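Novice:
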Amino acid sequence: MSGGGRHRRRIRIALPVAAAGVAAAVAAAVLTSSAGAASAQPNPPSMERAGAPTLAELEKRVLGAAAHEDTLAAEATDKSSLSSSSKVDAKIIGGTTTTIANAPWMAQLWYQDETNGVYFFCGGAVVAPTKILTAAHCVKGYDWATNGAVVTGATELPDDDLNGGTATGVLRQWSHPSYSARTIDNDIAVITLNNPVKATPIRMTTSTETAAYAAGTSAKVYGWGRTTSTSEEISPTLKTATLPIQSDTTCAGYYGADFVKGHMVCAGKPATGSDSGTTSACNGDSGGPLVVNNRIVGVVSWGVTDCVAKGAYSVFTKVKTYVGATWPRIDDTNLSFDDKADLWVRNASTKTGYEKDSKGTSFGARQSWGYWPHNAILQSDLNRDGFQDIIVRRSSDGDVFWKHWVPSSGSWATSKLRDGWGSRYRIVAPGDVTGDYLPDLLCVDSSGKLWVYKGDGKGGFLSGRVQVGGTGWKQYDQLVGHGDFNGDGRNDLIARNRSNGSLYLYKGTGSASTPFGARTKVRTWSTSTYNKLAAIGDVNGDGKADLLARTPGGTLYLYKGTGKATSEIFATRISVGTDFKQYDIFA
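Those letters in the sequence shown? Residues -37 to -1, 1 to 550, per mature numbering (1 follows the signal peptide of the UniProt record, and there is no 0), in order.
1. Given a cut-off of 8 Å on the beta-carbon distance, is the pair I154 and I95 in contact?
2. Would R309 and W290 qualify as a contact pair, given that the criterion is a beta-carbon distance under 8 Å?
3. Along the chain, which unbroken stretches of the beta strand (DSSP E) at least 3 residues long are found entirely within the stretch 64 to 147?
4. Counting only runs that start and end within the stretch 166 to 223, where is the alpha helix (DSSP H) found for 4 or more residues in a row?
5. Buried or exposed, going by whether 16 or more other CB atoms sit within 10 Å of the CB of V369?
6. Can you look up Q351 in the DSSP assignment and give me helix, strand or coil?
7. Less than 8 Å between the C-beta atoms of M69 and Y176, yes or no?
8. Exposed or buried, what is D382 when buried is set at 16 or more other beta-carbons lying within 10 Å of its beta-carbon?
9. Give the C-beta separation of N460 and G444 to the nearest angstrom, bearing in mind that I take them to be a contact with Cβ-Cβ under 8 Å.
10. Tell me, please, which residues DSSP counts as bridged to D509.
11. Using three-state DSSP, classify Y285 as helix, strand or coil.
12. With C-beta atoms as the reference, is G134 less than 8 Å away from F300?
13. Buried or exposed for residue 608, please, with buried defined as at least 16 other CB atoms from any protein chain shown within 10 angstroms of its CB.
14. Tell me, please, whether the stretch 317 to 330 touches the stretch 529 to 541 by the rule of three or more beta-carbon pairs shorter than 8 Å.
15. Report all residues from its chain with a CB closer than 7 Å to the CB of D547; omit the five preceding and five following residues, and keep chain order.
16. Just how far apart, CA to CA, sit K544 and K495?
17. Taking only three categories from DSSP, how would you classify L26?
18. Mind checking who V415 pairs with in its DSSP beta bridge?
19. Measuring CB to CB, does V282 end up less than 8 Å from G261?
20. Express the C-alpha separation of P233 and G394 in angstroms, rounding to a whole number.
21. Check whether the Cβ atoms of Y493 and R482 sit closer than 8 Å, and answer yes or no.
22. Taking a contact to mean a Cβ-Cβ separation below 8 Å, would you say G446 touches A508 in this structure?
23. Can you have a look at R347 and say buried or exposed, based on whether 16 or more other CB atoms are within 10 angstroms of its CB?
24. Hey, would you say L306 sits closer than 8 Å to I499, going by beta carbons?
25. Under the assumption that F279 contacts V223 (Cβ atoms under 8 Å), give the Cβ distance between them as a whole number of angstroms.
26. Could you check how far apart the C-beta atoms of A152 and A98 are, in whole angstroms? I think they sit under 8 Å.
27. Are the CB atoms of H337 and G422 within a distance shorter than 8 Å?
28. Quickly, what does DSSP pair P252 with across the bridge? List them, please.
29. Rounded to whole angstroms, what is the Cα-Cα separation between H(-31) and L21?
30. So what does DSSP say about Q545, is it helix, strand or coil?
31. Spell out the partners DSSP gives Y469 in its beta bridges.
32. Please report the straight-line C-alpha distance between A458 and V485, rounded to a whole angstrom.
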């Protein structure tokens, strides 16, 4: 897309090195209150990280990367050599100027590795206060915590300053485990920021979306990428372009085996062979969003050399396919910040709480959290700041409190959420069940009604509550949930009937009025088999929610989720310890 800007220079953009290396090998480049308080809790690990970047260091990284015009040159390739595994870094040509006010979720991803001479830029989208959705080829193989910075809130790219933007550091990164640098398949990633940003998030599409991908549907792509095929300079000002979605048949007809149906989507009218008459994503737009009806349906992934080869289309990662894998990275947080859900337990006799960090298929040595005199304890990031919060119910009066970490003061704060919930039969913190990307709270009252309290994203709840179903929820002696069990990107519930041991899956719908669908029986587990179930999220880090089950003798088993909403919902159990009889609360 063409356009001006008040920059003193125009920046040329490079492919991330790994993608560029692939391009060279195949002659084509990648598109690239003190009440209720317990004893003092430990600080979150991220606050104790040595060398966490200062704002000055983050700005240095951004400005340093932006200054390397010579090293930010994309490699050129020839469409005539396009074959399986040959792809080109993505760009926008033929669009119009827009502002960050129209796309407040847009993010600039800057990478500066001075030691190895690696400097590059990608786009991304804020999908939660601490989460950026982008392309795997912008993330895989790079140390973003050490060398990267994310800028939000700016229409223009930096020159001598950030042009009103805010730089934020990276806490951790995740790219799809099946991403291939050779084929650029499964090209999706999530970057987790050190601190929440003020930018308004945009949601991903759902796993069941079809209309947004119908041929002819108008979609919008956003980015700071190249505005012409004749120059490697990227746009100093945010651009947007409208592209029609193309059918899989059309895309495969042009790209052949390079286009992976179901994993990719292409968009745009066929390129004309020159800038004139062509509207296309281009270099520098990599990782940015393709948007339909205010939902991300695609992530800018790859295309052809210089973006205008006759008949070519822009290719995007098909987000609906990856919602199940990416959702745990966006919705969840964990105590050790490693993308694997951690277990919090309390010793029944001493009332001492312990953190046990996940190692994937086992848990590490326990870490004491001190004295916890409560009868309900849950984990949930109610204010979406990237730090796991603790929700507790005081035994004496049933009052419920929210304990959360405050980075600015380097301490924990406690505030009351509800009075007198002592008669509540069950309290569950499943994450977002209403479809607004904000964590919610569930409870079963004394009459057996299940209620949803919709989170406000600030540590509280919106007025009003939603009843789910009738009054039969006391039939379940176990009601747990934290994450997505069937791989559709919506949080679910697991319930066990007390009389016959039938285990049911209540699939999330993402609807605020009817958050769960009809139940599906997935197992039969009597109390003599397991006397405690716990759902804490994705324990092994594969993108699917898992379940923990304890035998009366104290052996704890991990049931890894399969993503199937059937009797095959869990894989073969794995023992993760035999000393869990001592614990009465699993959170």
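Backbone N, C-alpha and C fix where the C-beta goes; we use that ideal spot for every residue, glycine too.
Remember, predicted model here, so these are calculated numbers, not experimental data.
Specialist: Inspection of the coordinates gives the following:
1. Contact flag set, yes.
2. Against a cut-off of 8 Å, the Cβ pair of W290 and R309 comes out as no contact.
3. Within the stretch 64 to 147, complete beta strand (DSSP E) segments of at least 3 residues are found at 69 to 76, 81 to 91, 94 to 97, 111 to 115, 129 to 131, 133 to 138, given in chain order.
4. Correct list: 211 to 218.
5. So V369 counts as exposed.
6. Residue state, collapsed to three classes: coil.
7. Not closer than 8 Å, so no.
8. Exposed, since its Cβ has fewer than 16 Cβ neighbours within 10 Å.
9. Not confirmed; about 16 Å, so no contact.
10. Bridge partners of D509: G500.
11. In this structure, Y285 counts as helix in the three-state DSSP scheme.
12. According to the sequence provided, residue 134 is Leu. The question's Gly does not apply to it. Cβ atoms of L134 and F300: closer than 8 Å.
13. There is simply no residue 608 to check, as the chain begins at -37 and stops at 550 in what is shown.
14. Using a Cβ-Cβ distance cut-off of 8 Å, the stretch 317 to 330 and the stretch 529 to 541 are in contact, since at least three pairs of beta carbons, one from each stretch, lie closer than that value.
15. Only R309, A311 meet the Cβ criterion.
16. Each residue's alpha carbon lies about 10 Å from the other.
17. Three-state result, L26: helix.
18. DSSP lists L405, V429 as the bridge partner or partners of V415.
19. It is a contact, given that the beta carbons lie within the stated cut-off.
20. Going from the Cα of G394 to the Cα of P233 covers about 42 Å.
21. Not in contact: Y493 and R482 (Cβ atoms no closer than 8 Å).
22. Less than 8 Å divides the Cβ of G446 from the Cβ of A508.
23. Taking a 10 Å sphere around the C-beta of R347, we find 16 or more other C-beta atoms and assign the residue as buried.
24. With respect to the 8 Å criterion, L306 and I499 are classified as neighbours on the basis of their beta carbons.
25. Taking C-beta atoms under 8 Å as the contact rule, F279 and V223 fail to qualify, at a distance of about 12 Å.
26. The C-beta separation of A152 from A98 comes to about 6 Å, placing the pair in contact by the 8 Å criterion.
27. Cβ distance not < 8 Å, so G422 and H337 don't count as in contact.
28. In DSSP, P252 forms a bridge with V262.
29. Residue placement at H(-31) is flagged as unreliable, the pLDDT there being 29, under the threshold of 50; the coordinate-derived value follows with that caveat. In this model, H(-31) and L21 are separated by some 20 Å (Cα to Cα).
30. Assignment of Q545 by DSSP, reduced to helix, strand and coil, places it in the helix class.
31. The partner list for Y469 (beta bridge, DSSP) reads L456, R482.
32. C-alpha separation (whole angstroms): 10 Å.
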